[in-house]
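Chains as they are written, first to last, in this note's numbering: chain A, 2 to 458; chain B, 70 to 442.
Quick notes on the structure that follows.
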């Protein structure tokens with residue numbers, strides 16, 4: 002129902018109230034209770050009922066009473082029409098019903114993708130209602146809301162990036178679903194870049210490239226997920242480039258997600274890189290502890306299950322990063338609790354977490370040096386040399402900082418590995434980076450991006 | 070409503086028709102008029118009707134000495150009132166409002182009637198395409214899949230039976246999002262229009278219970294339009310409310326390339342699954358393993374309270390060893406819909422569905438999702 006109809010709904014509610022006084026309770030419950038006001042147009046009120054039997058009955062028996070009651074309230078109205086409406090009964094769905102769906106919590110898996118809408122590929126499961134907003138994704142969420150408020154005007158394209166399991170797909174799918182809801186007449190389409198590539202290849206092979214072009218150019222909002230997979234696929238990139246221009250020029254919203262910043266994506270043509278960065282580029286970094294707690298609570302509630310605050314805090318502290326891992330742990334805890342038939346003790350939960358965390362990859366100082374040097378377009382060897390050139394000092398300090406903070410190597414070892422430096426130098430460097438991070442936004446971003454690259458090693 | 074009604078008919082026929090019609094009446098309805106069955110003589114026809122607003126039924130019975138009029142009566146009371154008599158003919162008439170007189174043999178019974186002022190008209194369907202279908206085929210189609218309908222109220226399209234037309238076949242589909250059943254019924258449909266409807270589970274159940282009273286070989290006409298689904302013969306008319314909604318594009322989700330496929334005797338499979346069911350936990354979980362090395366199908370289950378059991382049967386097996394856990398009830402549910410002696414189980418790997426079908430029978434396919442290990 003659109004907002005413009007809300008005052009009219011009150012009209013029907015008032016009518017119902019009066020009719021309730023004029024009929025028996027049984028009649029009222031049977032014939033009137035589920036009726037709704039569909040619209041009011043040119044002095045005609047359209048009432049929706051559930052079945053044809055009801056429609057005929059109201060028309061035959063209650064027409065006069067209803068019309069009279071309505072006209073007492075609004076004399077402008079000339080007529081009442083009854084129609085069988087599929088809207089009837091739908092509005093009764095409340096959040097409580099939604100929750101009930103989860104009551105028989107078993108480990109039974111649902112059929113994959115059953116609910117995916119065939120017209121737009123969106124999975125209705127992803128909504129903003131279930132999207133936890135915390136400091137880590139505040140910016141991305143705000144950008145998404147801005148897109149909803151003025152599509153194709155504020156941020157076009159919207160480019161969301163972040164490591165796997167940080168909620169990119171959830172955000173962009175929720176954006177698509179919300180968009181559909183706000184602008185029912187607009188066409189939204191969600192596609193993974195992999196599917197896009199396949200589609201394009203099939204279209205070319207079967208000589209249907211024209212249909213392919215037409216199909217994608219008809220959408221008002223195009224969402225391309227995991228766009229990094231088109232790296233090194235020149236033809237697809239070219240097609241995406243042209244599609245981008247066509248949509249952009251006709252003021253259509255385009256949304257991308259990727260695991261990397263456009264600038265750090267390899268195998269991407271420069272003109273496409275430029276297009277990707279031309280709107281809003283926003284990152285979803287790893288969730289902070291508070292957000293992890295909020296997400297955990299949400300996931301636990303989705304199972305209709307409760308965990309005490311202490312346990313949630315423990316899990317949130319031990320599990321870093323990936324939301325998908327959090328989901329896995331929650332599933333596991335729910336399942337174990339069910340099979341044991343009692344609440345789990347803390348050590349048991351700890352052991353579940355231990356068994357489920359993926360072993361962290363061994364990152365060597367050399368890896369970090371290579372990545373950071375590459376990021377700042379330096380040759381790795383220069384890092385190890387005793388040069389104090391400004392261009393080298395900063396990356397070197399960042400390397401030390403990352404080795405200390407993320408890899409957890411001791412100060413003396415870091416010094417040793419980076420060309421035999423004293424451990425006090427390393428301590429000083431790390432402190433310096435920490436200080437700079439406090440107010441240097443560019444540096445924050447650079448380090449975040451470097452961390453993304455390291456994670457994907 | 071006028072009450073000078075009178076008609077004479079065959080008692081057994083009346084009793085049979087009342088039995089069929091009363092399935093639709095809702096004896097706990099808030100509105101008294103919906104609790105009973107409505108008997109009407111009009112245009113030299115004796116018609117018995119009932120509706121619960123979702124489903125409406127009208128049946129005509131042969132009668133003589135008819136005089137126009139109508140009344141509404143509690144069907145159970147009517148049946149009980151005429152049950153204890155060997156007489157074949159019965160005359161029902163009404164001399165004053167609020168009751169009817171029943172004449173059987175030499176007895177005279179007076180039965181109180183219900184308030185019929187709110188008994189609605191059952192809508193007649195004039196639009197929509199018509200199909201002639203064998204009763205047997207409709208029953209078969211419905212029964213093969215109805216158990217898989219969702220009982221949740223959240224997704225009306227999943228708590229409904231989906232019927233659509235694929236070429237010359239009618240396809241019946243139901244899913245509760247954990248399993249999905251599809252039955253194709255050959256019907257040599259000539260019409261070319263598309264057909265696609267969703268009938269709520271409850272309405273389908275009502276229809277089924279009425280159709281099961283009919284002769285299997287009979288033909289009935291089905292008519293469908295936007296919000297009604299009607300079925301009729303010369304002396305019967307049933308109309309059901311359908312719902313609007315998009316049934317999932319389910320054909321996409323049925324996987325094609327099986328990792329392992331197993332053919333076993335239906336009876337053997339049913340036995341070991343039922344046995345395992347005895348020992349399954351409260352989630353009905355059993356484990357099925359297709360053992361490629363020994364060409365065995367092993368079903369096992371462990372229950373902390375009841376015990377555990379392992380059973381194996383031999384079968385024809387192609388592919389690799391695979392093991393999945395699932396709800397044993399989901400399998401038992403579908404076996405009654407497989408009409409061949411042997412069933413094919415197709416596995417698609419861990420966390421992927423299992424597909425059950427009959428050997429050499431493409432008309433029925435059943436997809437069930439496993440449980441997490």
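For glycine and all other residues, C-beta sits at the position ideal for the given N, C-alpha and C.
Three or more C-beta pairs closer than 8 Å, one from the region 218 to 225 of chain B and one from the region 327 to 334 of chain B: is that the case here? no
Could you pull the DSSP bridge partners for residue 396 of chain B from this structure? What you label residue 396 of chain B is simply residue 327 of the second chain in a count that begins at 1. In the DSSP assignment, residue 396 of chain B forms a beta bridge with B:354.
Kindly identify the DSSP beta-bridge partner or partners of residue 255 of chain B. Taking the first residue of the second chain as position 1, residue 255 of chain B is located at position 186. Residue 255 of chain B is bridged to B:238.
N-terminal and C-terminal residue of the alpha helix (DSSP H) that residue 249 of chain A is part of: By one-based count along the first chain, residue 249 of chain A stands at place 248. According to the DSSP assignment, residue 249 of chain A belongs to the alpha helix (DSSP H) that extends over 235 to 250.
Can you tell me the Cβ-Cβ gap for residue 251 of chain A and residue 225 of chain A, rounded? I've got them flagged as a contact below 8 Å. As a position in the first chain, residue 251 of chain A is number 250, starting the count at 1. As a position in the first chain, residue 225 of chain A is number 224, starting the count at 1. In fact, because the Cβ distance is near 17 Å, the residues do not count as touching under 8 Å.
I think residue 128 of chain B touches residue 76 of chain B, with their Cβ atoms under 8 Å apart; what is that distance to the nearest whole Å? Locating residue 128 of chain B in the second chain gives position 59, counting from the first residue. Locating residue 76 of chain B in the second chain gives position 7, counting from the first residue. Contact flag wrong, Cβ pair sits at about 14 Å.
Residue 332 of chain B by DSSP, collapsed to three states: which one? Locating residue 332 of chain B in the second chain gives position 263, where the first residue counts as 1. Of the three classes helix, strand and coil, the one that applies to residue 332 of chain B here is strand, per DSSP.
In chain B, which residues lie with their C-beta within 8 Å of the C-beta of residue 123 of chain A? Here residue 123 of chain A refers to the residue found at position 122 of the first chain. In chain order: nothing, as chain B lies at least about 13 Å away.
CA-CA distance, residue 393 of chain B and residue 440 of chain B? The residue you call residue 393 of chain B lines up with position 324 of the second chain. The residue you call residue 440 of chain B lines up with position 371 of the second chain. Roughly 8 Å separates the two Cα atoms.
Residue 28 of chain A versus chain B: which residues are under 8 Å apart at the beta carbon? On the first chain, residue 28 of chain A is found 27 positions in, with the first residue counted as 1. Neighbours of residue 28 of chain A on chain B, chain order: 100 and 187.
In chain B, which residues lie with their C-beta within 9 Å of the C-beta of residue 192 of chain A? Along the first chain, one-based indexing puts residue 192 of chain A at 191. Going along chain B, no residue has its Cβ under 9 Å from residue 192 of chain A, so there is no contact; the nearest lies around 15 Å.
Residues near residue 85 of chain B in its chain [Cβ-Cβ closer than 8 Å; skip 5 each side]: Indexing the second chain from 1 puts residue 85 of chain B at position 16. So the qualifying residues of the chain are 282.
Quick one: complete alpha helix (DSSP H) runs, 4+ long, within the region 177 to 221 of chain B? 204 to 214
Sort A:168, A:389, A:108 and A:243 by Cα distance to residue 304 of chain A and report the nearest one. Mapped onto the first chain, residue 304 of chain A falls at position 303. Closest option to residue 304 of chain A, Cα to Cα, is A:108.
Would you tell me roughly how many angstroms separate the C-alpha atoms of residue 332 of chain A and residue 366 of chain B, rounded to the nearest one? Taking the first residue of the first chain as 1, we reach residue 332 of chain A at position 331. Taking the first residue of the second chain as 1, we reach residue 366 of chain B at position 297. In a straight line, the C-alpha of residue 332 of chain A is about 29 Å away from that of residue 366 of chain B.
In the region 287 to 306 of chain B, which residues sit with their C-beta less than 9 Å from some C-beta in chain A, listed in chain order? 295, 296 and 297
For residue 62 of chain A and residue 56 of chain A, what's the separation of their Cα atoms in angstroms? The sequence position of residue 62 of chain A within the first chain is 61, counting from 1. The sequence position of residue 56 of chain A within the first chain is 55, counting from 1. Going from the Cα of residue 62 of chain A to the Cα of residue 56 of chain A covers about 10 Å.
Would you mind sorting residue 97 of chain B into buried or exposed? The rule is 16 or more other CB atoms within 10 Å of its CB. Here residue 97 of chain B refers to the residue found at position 28 when the second chain is read from its first residue. Exposed, because fewer than 16 other Cβ atoms sit within 10 Å of the Cβ of residue 97 of chain B.
Inspect the beta-carbon positions of residue 309 of chain B and residue 123 of chain B and report whether they are closer than 9 Å. Working through the second chain from its first residue, we reach residue 309 of chain B at position 240. Working through the second chain from its first residue, we reach residue 123 of chain B at position 54. Result yes, Cβ atoms of residue 309 of chain B and residue 123 of chain B sit closer than 9 Å.
Nearest residue (CA-CA) to residue 449 of chain A, options A:306, A:386, A:268 and A:262: For the purposes of this step, residue 449 of chain A is taken as the residue at position 448 of the first chain. Comparing Cα positions, the closest option is A:262.
What are the start and end residues of the beta strand (DSSP E) that includes residue 320 of chain B? Translated into the one-based positions of the second chain, residue 320 of chain B becomes position 251. No beta strand (DSSP E) contains residue 320 of chain B, which DSSP labels as neither H nor E.
Mark residue 31 of chain B as exposed unless 16 or more other C-beta atoms lie within 10 angstroms of its C-beta, in which case mark it buried. The first residue shown for chain B is 70 and the last is 442, placing residue 31 of chain B beyond what the model contains.
Comparing alpha-carbon positions, which option in A:86, A:49, A:114 and A:43 lies nearest residue 80 of chain A? In the first chain, the residue the question calls residue 80 of chain A occupies position 79. Nearest of A:86, A:49, A:114 and A:43 to residue 80 of chain A, Cα basis: A:43.
Here's a check: name, in chain order, each residue in its chain whose Cβ is nearer than 6 Å to the Cβ of residue 278 of chain B, leaving out the five neighbours to either side. On the second chain, residue 278 of chain B is found 209 positions in, with the first residue counted as 1. Cβ within range, chain order: 92.
Whole-angstrom distance between residue 369 of chain B and residue 377 of chain B, CA atom to CA atom: Translated into the one-based positions of the second chain, residue 377 of chain B becomes position 308. Translated into the one-based positions of the second chain, residue 369 of chain B becomes position 300. When rounded, the distance between both Cα atoms is 7 Å.
Quickly, what does DSSP pair residue 435 of chain B with across the bridge? List them, please. Numbered from 1 along the second chain, position 366 holds the residue referred to as residue 435 of chain B. Per DSSP, B:250 and B:425.
From which residue to which residue does the alpha helix (DSSP H) around residue 275 of chain A run? Along the first chain, one-based indexing puts residue 275 of chain A at 274. Here the alpha helix (DSSP H) through residue 275 of chain A covers 271 to 278.
Given a threshold of 16 other Cβ atoms within 10 Å of its Cβ, counted over all protein chains shown, does residue 167 of chain A qualify as buried or as exposed? As a first step, residue 167 of chain A is located in the first chain; it is residue number 166 there, counting from the start. It counts as buried.
Should residue 343 of chain A be labelled buried (16 or more other beta-carbon atoms within 10 Å of its own) or exposed? In the first chain, counting from the first residue as 1, residue 343 of chain A sits at position 342. Exposed, since its Cβ has fewer than 16 Cβ neighbours within 10 Å.
Go through the region 178 to 203 of chain A residue by residue and report every complete run of the alpha helix (DSSP H) that reaches 4 residues or more, in order. none
Give me the Cβ distance between residue 83 of chain A and residue 48 of chain A, rounded to the nearest whole Å; I'm assuming they're in contact under 8 Å. Sequence index remark: in the first chain, residue 83 of chain A carries index 82 (1-based). Sequence index remark: in the first chain, residue 48 of chain A carries index 47 (1-based). The pair is a contact, with the Cβ atoms about 5 Å apart (cut-off 8 Å).
Since residue 114 of chain A meets chain B, which of its residues come closer than 8 Å, beta carbon to beta carbon? Taking the first residue of the first chain as position 1, residue 114 of chain A is located at position 113. Per Cβ cutoff of 8 Å: 321 and 322.
Establish whether the CB of residue 57 of chain A and some CB of chain B are separated by less than 9 Å. Start at 1 with the first residue of the first chain, and residue 57 of chain A comes out as number 56. Yes, contact with chain B.
Mind pulling the chain A residues with CB within less than 9 Å of residue 123 of chain B? Your numbering for residue 123 of chain B matches position 54 in the second chain. Under the 9 Å cutoff, chain A gives 51, 52 and 54.
Please classify residue 442 of chain A: is it buried, with 16 or more other beta-carbons within 10 angstroms of its beta-carbon, or exposed? Along the first chain, one-based indexing puts residue 442 of chain A at 441. Residue 442 of chain A comes out exposed.
Within-9 Å CB hit, residue 102 of chain A to chain B: Translated into positions along the first chain, residue 102 of chain A becomes position 101. In this predicted model, residue 102 of chain A has a pLDDT of only 41, less than 50, meaning its place in the structure is not dependable; the value taken from the coordinates is given anyway. With 9 Å as the cut-off, residue 102 of chain A counts as an interface residue toward chain B.
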